[in-house]
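These notes are about the structure you will find just below.
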Amino acid sequence: MNEELGIRNEPLLQVSNLRQHFKISRSFTVKAVNNVSFEIYPGETYGLVGESGSGKTTIGRSIIRLYDPTDGKIIFNYSDISGDLDNKTRRMLRKNMQMIFQDPMSSLNPRKKIGDIIGEGLDIFKLYSNLKERNQIIGDILKKVGLSPAHAERYPQQFSGGQRQRVGIARALVMNPKLIIADECISALDVSIQAQVVNLMKDIQDETKCAYLFIAHDLSMVKYISDRIGVLHKGYLVETGSTKDIFSNPVHPYTQSLLSAVPQPNPAVEKNRRLIPYDASKVDYEKCSWHQVSGMHFVLN
Amino acid sequence: MENILSIKNLDITFRTNAGNIHAIRGVDIYLPTGKTVALVGESGSGKSVTMKAVVGLLDSNAIINSGNIFYKAIDLLTLPKKELRQKINGQQIAMVFQDPMTSLNPTMQIGDQITEAMFLHKKISKADAQQKALELLNLVGIIDAEKRMKNYPHQLSGGMRQRVVIAIALSCEPKILICDEPTTALDVTVQARILDLIKDIQAQMGLSVIYITHDLGVVAKVADFVNVMYAGKIIETGTVEEIFYDPRHPYTWGLLSAMPDLETDDDRLYSIPGSPPNLLHEPKGDAFAARNKFAMKIDMEAEPPMFKISETHYAATWLLHPDAPKVELPPELKSRLQRARKAAENQL
Chain D
1 MNEELGIRNE PLLQVSNLRQ HFKISRSFTV KAVNNVSFEI YPGETYGLVG ESGSGKTTIG
61 RSIIRLYDPT DGKIIFNYSD ISGDLDNKTR RMLRKNMQMI FQDPMSSLNP RKKIGDIIGE
121 GLDIFKLYSN LKERNQIIGD ILKKVGLSPA HAERYPQQFS GGQRQRVGIA RALVMNPKLI
181 IADECISALD VSIQAQVVNL MKDIQDETKC AYLFIAHDLS MVKYISDRIG VLHKGYLVET
241 GSTKDIFSNP VHPYTQSLLS AVPQPNPAVE KNRRLIPYDA SKVDYEKCSW HQVSGMHFVL
301 N
Chain C
1 MENILSIKNL DITFRTNAGN IHAIRGVDIY LPTGKTVALV GESGSGKSVT MKAVVGLLDS
61 NAIINSGNIF YKAIDLLTLP KKELRQKING QQIAMVFQDP MTSLNPTMQI GDQITEAMFL
121 HKKISKADAQ QKALELLNLV GIIDAEKRMK NYPHQLSGGM RQRVVIAIAL SCEPKILICD
181 EPTTALDVTV QARILDLIKD IQAQMGLSVI YITHDLGVVA KVADFVNVMY AGKIIETGTV
241 EEIFYDPRHP YTWGLLSAMP DLETDDDRLY SIPGSPPNLL HEPKGDAFAA RNKFAMKIDM
301 EAEPPMFKIS ETHYAATWLL HPDAPKVELP PELKSRLQRA RKAAENQL
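Residue numbers (this note's numbering), protein chains in the order written: chain D, 1 to 301; chain C, 1 to 348.
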């Protein structure tokens with residue numbers, strides 16, 4: 001998609017040299033995200049992959065400002081959202097960027113009705129003129145995610161995992177955001193339900209032209225849904241490029257190792273496969289610099 | 001081929017406040033000696049319950065209505081609980097659970113946790129047990145094992161913890177290892193290493209292994225035989241090649257096509273509509289009928305029997321009845337299977 005859009009369009013989100021450190025004690029700081037730069041264009045899906053502890057979730061949370069970034073610049077929708085936020089910028093950010101969380105049970109308030117969970121953003125931003133209009137908006141969004149308007153009166157525990165995740169998507173969508181951060185939003189679901197949710201996300205993107213930051217560790221799903229991919233390791237972005245670049249021509253040894261470990265549903269291939277090992281203990285990413293492989297394909301070495 | 005474990009016609013009901021849940025509805029599973037059998041299905045399909053019945057860990061509200069579980073010639077279901085614990089569990093059949101953090105004791109050193117089972121089941125001196133634990137840690141690929149023996153679980157990474165759990169399971173040299181989603185909580189790279197490890201150990205010790213998983217990639221890597229489970233029943237069983245290259249049940253089709261492989265570039269993923277049935281109410285006819293676009297009238301009325309396709313391959317769908325109309329595979333799946341077969345040929 002970026003081939004058609006990216007050259008002409010301004011990026012929707014531009015992250016440059018983002019650092020997110022957490023001070024645990026006086027002498028110990030966790031450097032979760034280091035020097036990460038990437039951009040997301042309107043209407044595209046950017047996949048972030050990496051092992052657990054590589055900082056994928058932290059990046060998502062820093063961007064939506066659940067954390068205060070230690071250093072670096074985040075430009076979203078022409079506004080700088082990295083420093084202290086003034087009221088106007090915060091409202092713009094909260095309206096235009098939404099998040100879908102991993103665990104659909106713990107991310108929905110069990111004491112609130114589905115309609116009120118979805119309507120909370122509408123209430124805060126006063127996006128309706130009367131109650132009838134509010135219910136109308138909520139009903140429409142529920143229909144869009146494959147539930148029925150009558151479900152608005154129910155509570156989260158009355159739904160199955162896949163349905164709850166649809167509610168999570170509806171909550172994000174109702175604000176009509178420009179960017180949705182999907183943090184492992186399908187990993188907690190069964191295979192057959194995953195496909196339903198991924199199809200839904202694709203349909204919604206076609207319709208509303210929103211962009212996704214798709215954070216996941218399931219590489220075959222990331223490949224399927226993403227236009228471009230960034231590979232994270234130990235808090236550093238080690239390679240980024242179009243999905244085709246990354247999968248057909250991985251340059252960084254970590255990417256190669258990661259791809260060699262993707263399980264394939266094919267016994268003959270799977271039983272003969274060799275894992276490419278990767279030893280990062282001798283590499284200091286801080287000393288590495290970015291090199292262009294081709295077009296939008298960059299690698300850290 | 002001799003079966004080290006055979007589960008025959010197992011039928012389990014759970015008594016709950018909401019009513020009786022018929023969770024397992026006549027399951028047959030056979031584990032040939034030295035082979036690996038995978039049990040695949042969605043959450044709630046009954047795969048874990050079946051295996052918990054084998055090791056006698058069912059919750060107290062479970063009623064076993066009928067069935068036999070034979071370990072060699074012993075029917076485990078008739079064995080008193082005490083005897084099952086003393087003679088079978090751990091010694092003959094060991095289990096590896098999904099989450100390595102919750103299956104380890106956080107207040108106990110790794111070394112003590114490994115030797116604990118040995119003291120329980122065997123007459124063994126402390127020094128010998130320590131020595132054995134050290135060997136096991138080396139076997140599961142933990143570097144610097146001597147130092148690690150004194151570590152607590154929180155000092156280890158997820159992959160290492162799972163290795164320790166495997167070491168504990170192997171401590172009394174069991175004949176059967178049951179792995180309940182052993183790598184679901186782990187990263188792909190760690191997952192690949194753990195699966196390779198279990199495979200190596202299996203070859204070394206002549207273990208028979210049962211995997212419970214919903215990840216078909218894992219199944220393709222490790223299994224010799226596959227059982228697909230749906231709503232408390234085995235709906236298709238066969239060798240791993242038969243299931244992956246020539247699946248016959250519409251549910252297996254759905255599972256295979258719902259998971260994209262690295263070549264999938266269709267606009268939409270094929271998804272199985274709806275969600276699994278609630279077993280509080282006994283499904284009428286074929287439990288999968290409501291989600292099956294190939295369902296026929298008979299699917300709503302009668303439960304399909306297992307139709308034989310080959311000596312090892314059986315599937316429970318009326319589509320295999322000689323009078324059933326021929327159906328075309330969904331095109332996505334058709335090209336997928338062709339791709340898979342071709343990739344397989346290239347490997348040979």
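For every residue, glycine included, the Cβ atom is placed at its ideal position computed from N, Cα and C.
Asked	Found
Reduced DSSP category for Met-1 of chain D - H, G, I as helix; E, B as strand; rest coil	Here Met-1 of chain D scores only 46 on pLDDT, less than 50, and its place in the model should not be relied on; the value that follows carries that caveat. Coil, per DSSP.
Beta-carbon neighbours of Asp-190 of chain D, restricted to chain C and to distances below 7 Å	Glu-42, Ser-43 and His-214
Beta carbon proximity, Met-97 of chain D to chain C, threshold 9 Å	no
Under 9 Å from the C-beta of Gln-194 of chain D: neighbouring residues of chain C	Ala-258, Met-259, Leu-269 and Ser-271
Through-space distance from Phe-288 of chain C to Glu-4 of chain D, alpha-carbon basis	The predicted position of Glu-4 of chain D is uncertain, since its pLDDT is 48 and thus under 50; no value can be drawn from it.
Cβ neighbours of Gln-91 of chain C in the same chain (closer than 6 Å, five flanking residues each side left out)	His-121 and Cys-172
Same chain, Cβ closer than 8 Å to Tyr-254 of chain D, neighbours up to 5 away in sequence not counted	Val-231, His-233, Val-238, Glu-239, Tyr-278 and Ala-280
At least 3 beta-carbon pairs within less than 8 Å: the stretch 92 to 107 of chain C vs the stretch 181 to 188 of chain C	yes
Identity of the residue in D:Ile-229, D:Gln-20, D:Ser-248 and D:Phe-159 nearest Asn-278 of chain C by Cα	D:Phe-159
Alpha carbon of Ala-73 of chain C to alpha carbon of Met-99 of chain D, nearest angstrom	56 Å
Backbone CA spacing between Ala-32 of chain D and Asp-68 of chain D [nearest angstrom]	13 Å
Where the alpha helix (DSSP H) containing Ser-248 of chain D begins and where it ends	243 to 248
Residue nearest to Ile-272 of chain C in terms of C-alpha spacing, selected from D:Phe-214, D:Ala-195 and D:His-217	D:Ala-195
Cβ of Asn-2 of chain D within 9 Å of any chain C Cβ	The predicted position of Asn-2 of chain D is uncertain, since its pLDDT is 47 and thus under 50; a value taken from the coordinates is nonetheless stated next. No - not a single Cβ of chain C is within 9 Å of the one on Asn-2 of chain D.
Pairwise C-alpha distance: Ile-93 of chain C and Gly-208 of chain C	Contrary to the premise, residue 208 of chain C reads as Ser rather than Gly in this sequence. Going from the Cα of Ser-208 of chain C to the Cα of Ile-93 of chain C covers about 10 Å.
Beta-carbon gap between Gly-26 of chain C and Asn-9 of chain C smaller than 9 Å	yes
Coarse secondary structure for Lys-153 of chain D, derived from DSSP in three states	Looking at the sequence itself, residue 153 of chain D is Glu, so the reference to Lys does not match. Glu-153 of chain D falls in the helix class under three-state DSSP.
Rounded C-alpha distance that separates Lys-52 of chain C from Val-283 of chain D	45 Å
CB contact flag (Val-49 of chain C, Ala-223 of chain C, <9 Å)	no
Gly-115 of chain D burial status per 10 Å Cβ neighbour count (16 or more: buried)	buried
CA nearest to the CA of Thr-213 of chain C, picked from C:Phe-14, C:Ala-23, C:Gly-44 and C:Thr-317	C:Gly-44
Best match in C:Val-164, C:Ile-234, C:Gly-19 and C:Pro-325 for proximity to Lys-297 of chain C [C-alpha to C-alpha]	C:Pro-325
Inside the stretch 168 to 233 of chain C only - beta strand (DSSP E) runs reaching at least 3 residues	176 to 180, 208 to 213 and 225 to 230
Ile-225 of chain D vs Phe-214 of chain D beta-carbon contact at 9 Å	yes
Short Cβ contact (9 Å threshold) for Val-49 of chain D with Leu-200 of chain D	no
Close-in-space but distant-in-sequence residues of the same chain around Ile-7 of chain D (CB under 6 Å, 5 per side omitted)	For Ile-7 of chain D, the pLDDT reaches just 49, beneath the cut-off of 50, and the residue's location in the model is therefore unreliable, although a value from the coordinates is still provided. Hits under 6 Å: none found.
Euclidean distance between Cα positions of Ser-103 of chain C and Arg-163 of chain C	12 Å
Chain-ordered neighbours of Gly-47 of chain D on chain C, where CB pairs are closer than 8 Å	Within 8 Å Cβ-Cβ: nothing; Gly-47 of chain D doesn't reach chain C, min ~13 Å.
Asn-2 of chain D, buried or exposed, once every other Cβ within 10 Å from all chains shown has been counted against 16	Confidence is the limiting factor: at Asn-2 of chain D the pLDDT is only 47, short of 50, which leaves the residue's position unreliable, though a coordinate-based value still follows. Per the 10 Å Cβ criterion, buried.
Positions along the stretch 38 to 70 of chain D whose CB lies within less than 8 Å of some CB in chain C	Glu-51 and Ser-52
Residues bridged to Phe-298 of chain D [DSSP beta-bridge criterion]	D:Thr-240 and D:Gln-292
Under 7 Å from the C-beta of Phe-244 of chain C: neighbouring residues of chain D	Pro-265, Asn-266 and Pro-267
Strand pairing of Arg-228 of chain D, partner residues [DSSP]	D:Tyr-46 and D:Ser-242
Local conformation of Tyr-71 of chain C per DSSP, three classes	strand
9 Å Cβ cutoff, His-217 of chain D in contact with chain C	yes
Cβ distance (whole Å) where Ile-181 of chain D is taken to contact Gly-47 of chain D below 8 Å	Their Cβ separation, rounded to whole angstroms, is 12 Å, which puts Ile-181 of chain D and Gly-47 of chain D out of contact at 8 Å.
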